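All remarks here apply to the structure that follows.
Number of protein chains: 2
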Amino acid sequence: MTTTKVLLDESEMPTRWYNLLADLPSPPPPVLHPGTLQPVGPADLAPLFPMALIEQEVTTERYIPIPDDVMDVYRLWRPSPLYRAHRLERALGTPARIYYKYEGVSPAGSHKPNTAVPQAYYNAAAGIRRLTTETGAGQWGTALAFAGGQFGLDVEIWQVRASYDQKPYRKIMIETFGGTIHPSPSTLTAAGRAVLEQDPASPGSLGIAISEAVEVAAQSPDTNYALGSVLNHVLLHQTIIGEEALLQLAKVGDAPDVIVGCTGGGSNFAGLAFPFLREKLAGRMSPTIRAVEPAACPSLTRGVYAYDFGDTAGMTPLMKMHTLGHDFIPDPIHAGGLRYHGMSPLISHVYELGLIEAVAKSQRECFEAGVRFARTEGIIPAPEPTHALAACIEEALRCKETGEEKVILTALCGHGHLDLAAYGAYLSGELQDHALSDEAMSSAVASLPRIPA
Amino acid sequence: MTTTKVLLDESEMPTRWYNLLADLPSPPPPVLHPGTLQPVGPADLAPLFPMALIEQEVTTERYIPIPDDVMDVYRLWRPSPLYRAHRLERALGTPARIYYKYEGVSPAGSHKPNTAVPQAYYNAAAGIRRLTTETGAGQWGTALAFAGGQFGLDVEIWQVRASYDQKPYRKIMIETFGGTIHPSPSTLTAAGRAVLEQDPASPGSLGIAISEAVEVAAQSPDTNYALGSVLNHVLLHQTIIGEEALLQLAKVGDAPDVIVGCTGGGSNFAGLAFPFLREKLAGRMSPTIRAVEPAACPSLTRGVYAYDFGDTAGMTPLMKMHTLGHDFIPDPIHAGGLRYHGMSPLISHVYELGLIEAVAKSQRECFEAGVRFARTEGIIPAPEPTHALAACIEEALRCKETGEEKVILTALCGHGHLDLAAYGAYLSGELQDHALSDEAMSSAVASLPRIPA
Numbered sequence: 001m002t003t004t005k006v007l008l009d010e011s012e013m014p015t016r017w018y019n020l021l022a023d024l025p026s027p028p029p030p031v032l033h034p035g036t037l038q039p040v041g042p043a044d045l046a047p048l049f050p051m052a053l054i055e056q057e058v059t060t061e062r063y064i065p066i067p068d069d070v071m072d073v074y075r076l077w078r079p080s081p082l083y084r085a086h087r088l089e090r091a092l093g094t095p096a097r098i099y100y101k102y103e104g105v106s107p108a109g110s111h112k113p114n115t116a117v118p119q120a121y122y123n124a125a126a127g128i129r130r131l132t133t134e135t136g137a138g139q140w141g142t143a144l145a146f147a148g149g150q151f152g153l154d155v156e157i158w159q160v161r162a163s164y165d166q167k168p169y170r171k172i173m174i175e176t177f178g179g180t181i182h183p184s185p186s187t188l189t190a191a192g193r194a195v196l197e198q199d200p201a202s203p204g205s206l207g208i209a210i211s212e213a214v215e216v217a218a219q220s221p222d223t224n225y226a227l228g229s230v231l232n233h234v235l236l237h238q239t240i241i242g243e244e245a246l247l248q249l250a251k252v253g254d255a256p257d258v259i260v261g262c263t264g265g266g267s268n269f270a271g272l273a274f275p276f277l278r279e280k281l282a283g284r285m286s287p288t289i290r291a292v293e294p295a296a297c298p299s300l301t302r303g304v305y306a307y308d309f310g311d312t313a314g315m316t317p318l319m320k321m322h323t324l325g326h327d328f329i330p331d332p333i334h335a336g337g338l339r340y341h342g343m344s345p346l347i348s349h350v351y352e353l354g355l356i357e358a359v360a361k362s363q364r365e366c367f368e369a370g371v372r373f374a375r376t377e378g379i380i381p382a383p384e385p386t387h388a389l390a391a392c393i394e395e396a397l398r399c400k401e402t403g404e405e406k407v408i409l410t411a412l413c414g415h416g417h418l419d420l421a422a423y424g425a426y427l428s429g430e431l432q433d434h435a436l437s438d439e440a441m442s443s444a445v446a447s448l449p450r451i452p453a
Numbered sequence: 001m002t003t004t005k006v007l008l009d010e011s012e013m014p015t016r017w018y019n020l021l022a023d024l025p026s027p028p029p030p031v032l033h034p035g036t037l038q039p040v041g042p043a044d045l046a047p048l049f050p051m052a053l054i055e056q057e058v059t060t061e062r063y064i065p066i067p068d069d070v071m072d073v074y075r076l077w078r079p080s081p082l083y084r085a086h087r088l089e090r091a092l093g094t095p096a097r098i099y100y101k102y103e104g105v106s107p108a109g110s111h112k113p114n115t116a117v118p119q120a121y122y123n124a125a126a127g128i129r130r131l132t133t134e135t136g137a138g139q140w141g142t143a144l145a146f147a148g149g150q151f152g153l154d155v156e157i158w159q160v161r162a163s164y165d166q167k168p169y170r171k172i173m174i175e176t177f178g179g180t181i182h183p184s185p186s187t188l189t190a191a192g193r194a195v196l197e198q199d200p201a202s203p204g205s206l207g208i209a210i211s212e213a214v215e216v217a218a219q220s221p222d223t224n225y226a227l228g229s230v231l232n233h234v235l236l237h238q239t240i241i242g243e244e245a246l247l248q249l250a251k252v253g254d255a256p257d258v259i260v261g262c263t264g265g266g267s268n269f270a271g272l273a274f275p276f277l278r279e280k281l282a283g284r285m286s287p288t289i290r291a292v293e294p295a296a297c298p299s300l301t302r303g304v305y306a307y308d309f310g311d312t313a314g315m316t317p318l319m320k321m322h323t324l325g326h327d328f329i330p331d332p333i334h335a336g337g338l339r340y341h342g343m344s345p346l347i348s349h350v351y352e353l354g355l356i357e358a359v360a361k362s363q364r365e366c367f368e369a370g371v372r373f374a375r376t377e378g379i380i381p382a383p384e385p386t387h388a389l390a391a392c393i394e395e396a397l398r399c400k401e402t403g404e405e406k407v408i409l410t411a412l413c414g415h416g417h418l419d420l421a422a423y424g425a426y427l428s429g430e431l432q433d434h435a436l437s438d439e440a441m442s443s444a445v446a447s448l449p450r451i452p453a
């Protein structure tokens, strides 16, 4: 029996993040101001973000050093383990070698603290006292509540009311870490009050919650806003996942033939894949890199590549990305972290360049993979990474047919301890698949803003 | 900044369990047959346990090799990390060095799989096809469901109905791992039916659930029963915790001055403490070893040392132990794993020999410690280990006053992801302390069976 867990010592932890912008054959299209339709500049973003993060958003430096104070917090759970899935391989009878990088060991139970911690750090360093954000299922809110506490920041979170009511454990976890949480729409903001006037029983939406968090941040000079995915600097911070995985695979003398990761806004996928994409662009490796998205929210496989807003209300800058339309409301699948209408502009660009591929999976196949994984590997995955596991198992079974001993690498981006209700629904046969009809697709993209060429 | 996590490579994992019986100055009093009042022999236990475990229950061999197939499953999460609590120390302003051994990385999220896996292994090796057990809050049931699955055993679990109804996530977790779960009392057993006839709405008790699980196991030759604490072989399997911690502390050149662990049945405490007690008995170390129990169920600090039954119904052999009386029903504190009327006979004996000390803590102080720990170290502890953390913090603050740079070691035996409701109650100020009145104590011990001297 060879190694099960490939560990790195803290002294081996990468000390810099990797910026894919340095190595792309062409830059992604600029982000546009929604009023002027001109590229946004640092001044446009300064009311919401500290200058250090704005610089990370646009820099083409290949490597960004990780500050010592961030390294110090990372050490609470990083380097994260890379597992060889011996028991899953045996259960599948595949000659493939399956590795998974496990981010569920973090305080929030997912990859989100990898960026929450530096975001809190840079804001505190800029003299900010409070961060606001939105959260859907609650992973991002939990991560930011914890991270803010490490640097003396108050963290105020607007959670979509439907999730706030359905998932009380996330609220308690956020409060245990010291965060303040409001159901959204709330009476604390003009945006929230406007919605409640129309519909006092509004279940809320991520778009409304973003509007509330942004409104509060924009009004107070000591308050900034933080985002958990989509933007370049968020993807940058997540690259520590892939940088560690590179070192860990080197330790066991393996290189990946196939890399699969689930994609919502894209930060988990980018975090694992971008350092390997650097190796691929440099000709040192040649993995197939595959994004896996939910069939109910297939921005890469069925969306259009166009300028669109990041939020439902249309308040953000315009980003060129794969999108289902900013007022698209995905069916209520359990992988809440994958229910985003758009895909990170940087990942969209990389997809357009043909550097990665994408597939979509229905949720029953994903939960089947999740249960299979739990029973063999002993970790109950969050609903989001079950998408990657389903694609992983598909590839491993293909290898079983062909006899290929491929090396498959995936990101197990979080545990499912707070998502067990979804497993309950699956095990009792109540879980529905939600595929997207062509009609729903066409009507969704009809909302795209018109940009002159 | 020195190391945060002290890791062991899989190749450094201890390959044998440590048996404290080999080193005690006197043996513990024998376990008695409840009918004959004579010491029980292997034949008395054979209907419930495989011979390998019965031998481990009574052997005085110092070390028991861990079978390869058990090592193989252990590698899914072992060696577990030892953390230096830098951030907690800093928040307390203590010169003490605090280390915690974290068992929440296991499939069940606690130390329980350390014994569930070998118990499943030895039963499967003896040709057993099914295991039955009881579970309260659900930690043990989860561990055995997972472990059974690794060796092809069906696992059937009777869960106290009150917990079954209140904690649906545990039921789902058990089913995700492939276990079968029944609310107890159930109509599946004579014991359950008898209770339901008296009280169709019975909320159940651990005692009733044990009776049901034992009844089913005793009736089928292919079915055995498994217990998650109290017995010698269970404590034996847990000693891998302390053996690893010894190696890890040696790596950083530290030796503990104080060891604290929470105690319910005693397996977590023994698992950490016994290997250090070996060192203490041999004169190689001199740590103070302190058990921490809930003020609502203080078997060591306020119970009597007497022969008593292990279950409420009085069906088990008689064990000499610190007990509150077998029909004592502890107040419904959130640390469900510490609500046991007795203390492991081996730990009780060690306590009588003066080798360990004990303190009791009220639950609000414990949750205060739990929240403090979460906000500094990033891990939300289960309610059980918050008792150890409260004692840890008390000791660290004592060091702050005296200026002593003591090394404090504790076992963080599980995470609190499925116990967040308890944190919610604490944070909203609804949590009550449940101290035990002298009257309740006296009436509880009045139920003790009378044993002729």
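If you read the sequences in order, they're chains A and B. The UniProt record's numbering puts the last residue of the first sequence at 453; the count rises by one with no breaks. The UniProt record's numbering puts the last residue of the second sequence at 453; the count rises by one with no breaks. All C-beta atoms, glycine included, are put in the ideal place defined by N, C-alpha and C. It should be emphasised that the depicted structure is a prediction, and the values quoted were computed from it without experimental measurement.
Cross-strand partners of residue i (DSSP beta bridge)
| i | result |
| --- | --- |
| Gly342/B | Thr323/B |
| Ile54/A | Per DSSP, none; premise fails for Ile54/A. |
| Phe309/B | Leu318/B |
| Asn232/A | According to DSSP, which records beta bridges pairwise, Asn232/A is partnered with nothing at all. |
| Lys251/A | Beta-bridge pairing links Lys251/A to no other residue. |
Span separating the alpha-carbon of residue i from that of residue j
| i | j | result |
| --- | --- | --- |
| Ser267/B | Gln238/B | 6 angstroms |
| Tyr74/B | Asn114/B | 7 angstroms |
| Pro118/B | Pro287/A | 40 angstroms |
| Pro42/B | Gly228/A | 60 angstroms |
| Gly414/B | Leu420/B | 13 angstroms |
| His274/A | Arg129/A | In the sequence on display, residue 274/A carries Phe and not His. Those two C-alpha atoms are separated by around 32 angstroms. |
| Leu48/A | Thr135/A | 17 angstroms |
| Val58/A | Glu368/B | 44 angstroms |
| Ala306/B | Val445/B | 10 angstroms |
| Gly192/B | Phe309/B | 19 angstroms |
| Ile64/A | Ala245/A | 18 angstroms |
| Ile333/A | His434/A | 7 angstroms |
Contact set for residue i: own chain, Cβ-Cβ below 6 angstroms, skip 5 residues either direction
| i | result |
| --- | --- |
| Cys366/B | Thr386, His387 and Ala390 |
| Thr94/A | Ala396, Cys399 and Lys400 |
| Ile208/B | Ser184, Pro185 and Val195 |
| Asp311/A | Gly207 and Ile210 |
| Thr60/A | Leu21 and Ala22 |
| Tyr340/A | Gly264 and Gly265 |
| Pro143/A | Checking the displayed sequence, the identity of residue 143/A turns out to be Ala instead of Pro. Counting only Cβ-Cβ distances below 6 angstroms, and skipping sequence neighbours, we find Ala108, Lys112, Pro113 and Ala116. |
Proximal residues to residue i (C-beta, below 7 angstroms), its chain only, five neighbours per side dropped
| i | result |
| --- | --- |
| Thr132/A | Glu156, Ala213, Val216, Ala217, Thr223 and Tyr225 |
Opening and closing residue of the alpha helix (DSSP H) in which residue i lies
| i | result |
| --- | --- |
| Ser211/B | Leu206 to Gln219 |
| Val31/B | Where Val31/B is concerned, there is no enclosing alpha helix (DSSP H), given that its DSSP letter is neither H nor E. |
| Val160/A | Where Val160/A is concerned, there is no enclosing alpha helix (DSSP H), although the beta strand (DSSP E) it sits in stretches over Asp154 to Val160. |
| Val445/A | Asp438 to Val445 |
| Lys400/A | Pro383 to Thr402 |
| Ala435/B | Ala435/B -> no alpha helix (DSSP H), and no H or E assigned at all. |
| Trp77/B | Per DSSP, Trp77/B belongs to no alpha helix (DSSP H) and is neither H nor E. |
Neighbouring residues, chain A, relative to residue i (Cβ below 7 angstroms)
| i | result |
| --- | --- |
| Tyr423/B | Ile172 and Thr176 |
Limits of the unbroken beta strand (DSSP E) element including residue i
| i | result |
| --- | --- |
| Cys262/B | Val258 to Cys262 |
| residue 455/B | Lying outside 1 to 453, the shown extent of chain B, residue 455/B is not represented and no answer is given. |
Proximal chain B residues relative to residue i, where beta-carbon distance stays under 7 angstroms
| i | result |
| --- | --- |
| Arg372/A | Residues of chain B passing the Cβ test: none, with the nearest at roughly 10 angstroms. |
| Glu197/A | In chain order: nothing, as chain B lies at least about 30 angstroms away. |
Contacts of residue i in chain A (Cβ-Cβ under 8 angstroms)
| i | result |
| --- | --- |
| Glu394/B | The contacting residues do not exist; Glu394/B stays about 21 angstroms from chain A at best. |
| Arg398/B | Residues of chain A passing the Cβ test: none, with the nearest at roughly 26 angstroms. |
Partner residues on chain B for residue i, Cβ-Cβ distance less than 9 angstroms
| i | result |
| --- | --- |
| His417/A | Gly109, Tyr169, Met173, His415, His417 and Leu418 |
Proximal residues to residue i (C-beta, below 8 angstroms), its chain only, five neighbours per side dropped
| i | result |
| --- | --- |
| Tyr102/A | Ser80, Pro81, Leu82, Tyr83, Ile379 and Leu412 |
9 angstroms Cβ cut-off: residues of chain A touching residue i
| i | result |
| --- | --- |
| Trp140/B | Those do not exist, as Trp140/B stays about 16 angstroms from chain A at its closest Cβ, beyond 9 angstroms. |
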